[in-house]
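>
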Amino acid sequence: MKKLTDHEITLKPIRFRDKAAWDAVRAVNRDWLSPWEATRPHIDSNTPLPSYYGMVLQLNKEIRALRSISLGIWLKENKSEVLIGQITLGGIIFGAMRGAHIGYWIDQRFASRGYTTRAVKLLTKFGFETLKLHRIEINLRPENEASKKVAIKAGFELEGARNNYLHIAGDWRNHITFVKENPEIK
Numbered sequence: 001m002k003k004l005t006d007h008e009i010t011l012k013p014i015r016f017r018d019k020a021a022w023d024a025v026r027a028v029n030r031d032w033l034s035p036w037e038a039t040r041p042h043i044d045s046n047t048p049l050p051s052y053y054g055m056v057l058q059l060n061k062e063i064r065a066l067r068s069i070s071l072g073i074w075l076k077e078n079k080s081e082v083l084i085g086q087i088t089l090g091g092i093i094f095g096a097m098r099g100a101h102i103g104y105w106i107d108q109r110f111a112s113r114g115y116t117t118r119a120v121k122l123l124t125k126f127g128f129e130t131l132k133l134h135r136i137e138i139n140l141r142p143e144n145e146a147s148k149k150v151a152i153k154a155g156f157e158l159e160g161a162r163n164n165y166l167h168i169a170g171d172w173r174n175h176i177t178f179v180k181e182n183p184e185i186k
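The numbering of the sequence shown is the UniProt record's numbering, which starts it at 1 and goes up by one.
1) Name the residue from I152, S34, G127 whose alpha carbon lies nearest to the alpha carbon of N139.
2) Could you check what DSSP says for S112 in three-state terms: helix, strand or coil?
3) Starting from the Cα of E81, find the closest Cα among L11, V179, L123 and give me that residue.
4) What first and last residue would you give for the alpha helix (DSSP H) that runs through G54?
5) Per DSSP, what are the beta-bridge partners of R135 in this structure?
6) Give every residue of the same chain whose Cβ lies closer than 7 Å to the Cβ of G155, excluding the five residues on either side of it in the sequence, and list them in chain order.
7) Please report how far the alpha carbon of residue 221 lies from the alpha carbon of K186, in whole angstroms.
8) Grouping DSSP H, G and I as helix and E and B as strand, with all else coil, what is K121?
9) My output table needs one value for I152: the three-state DSSP class, helix, strand or coil.
10) Report the residue from N163, N174, N182 whose alpha carbon sits nearest the alpha carbon of R135.
11) Spatial neighbours of K61 within its chain, please: C-beta separation below 7 Å, excluding the five flanking residues on both sides.
12) If the criterion is Cβ atoms closer than 8 Å, does the pair L89 and I102 meet it?
13) Please report how far the alpha carbon of T116 lies from the alpha carbon of P41, in whole angstroms.
14) Checking 8 Å against the spacing of the C-beta atoms, do A100 and L133 come in under that value?
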C-alpha cells in the first residue's frame with residue numbers, strides 16, 4: 001500500500017518502528033478516546049488482545065488481502081512527521097455491494113483543525129478512484145458531535161440509524177450512518 005498525501009498530511013501503514021509514537025499518542029489520549037472506542041462483548045473477552053507487533057502483522061495481512069486498510073495519520077512538522085491519529089477503510093466488499101466503512105481517531109491535541117476531515121476525504125478518494133467502490137459509510141454514535149462534523153464536512157450524508165450496532169465503551173451502542181456514493185459508478 002502506497003502512502004496517500006494531502007499537503008502536510010500523510011496516510012501510511014503503521015510499521016513496527018512506529019511503536020513508540022503509537023504508544024505515546026494512545027497513552028496521552030486514553031481517557032479522551034475511551035467513550036468512542038470499540039470494546040469486545042463478554043463472549044469475546046477471554047481472547048487476549050494482540051501485542052503491538054501482532055496488531056501490525058494483522059493490519060498488514062488485511063491490507064494485502066484488501067479486506068481492511070488501516071493507516072496512521074501523520075502530520076509534517078518542522079521537517080519531521082508526528083503521528084496524530086489512525087484511519088481505517090474497513091469491511092471492504094467487492095462484487096455486488098462494492099462498499100466499505102471508514103473509522104478514525106485523532107489525537108485530542110490536533111482535533112478541530114480539519115486534519116481528520118482531510119484524512120477522510122483522502123481515503124474516500126482512494127476508495128472510489130483506486131478500488132472503484134460504490135459506497136462508503138461512516139457509522140458513529142449520535143452524541144459524537146465532532147465526528148458528525150467530520151462526516152458532513154467530508155461530504156457524507158445522513159442515511160439512518162442502527163440500533164445496538166457496535167460494542168463501544170463496554171456496551172452495545174446505537175449509531176447513525178453517514179454515506180457517500182461514488183458518482184462515477186452507476
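Glycine is no exception: its CB is placed at the ideal position from the N, C-alpha and C atoms.
Judging by the given coordinates:
1) The sequence position of residue 139 within the sequence shown is 139, counting from 1. Measuring from the Cα of N139, the nearest candidate turns out to be I152.
2) Reading the sequence shown from its first residue, position 112 is the one you call residue 112. Here S112 sits in coil by DSSP.
3) Translated into the one-based positions of the sequence shown, residue 81 becomes position 81. The option with the nearest alpha carbon to E81 is L11.
4) Within the sequence shown, the letter at position 54 stands for residue 54. Residues 52-64.
5) Walking along the sequence shown from the start, residue 135 turns up at place 135. Its beta-bridge partners are G99, E181.
6) Within the sequence shown, the letter at position 155 stands for residue 155. Excluding sequence neighbours, G155 sits near K180.
7) Missing from the structure shown is residue 221; the chain here goes from 1 to 186 and no further.
8) Position 121 of the sequence shown holds residue 121. Three-state DSSP puts K121 in a helix.
9) Within the sequence shown, the letter at position 152 stands for residue 152. Reduced to three states, the DSSP call for I152 is helix.
10) Working through the sequence shown from its first residue, we reach residue 135 at position 135. Closest option to R135, Cα to Cα, is N182.
11) For this step, residue 61 is matched to residue 61 along the sequence shown. Closer than 7 Å at the Cβ level, and outside the excluded window around K61, lies no residue.
12) For the purposes of this step, residue 89 is taken as the residue at position 89 of the sequence shown. For the purposes of this step, residue 102 is taken as the residue at position 102 of the sequence shown. Yes.
13) Looking up residue 116 in the sequence shown gives position 116. Looking up residue 41 in the sequence shown gives position 41. Their backbone Cα atoms lie some 28 Å apart in a straight line.
14) Within the sequence shown, residue 100 is the residue found at index 100, counting from 1. Within the sequence shown, residue 133 is the residue found at index 133, counting from 1. In this structure, L133 lies closer than 8 Å to A100 by Cβ.
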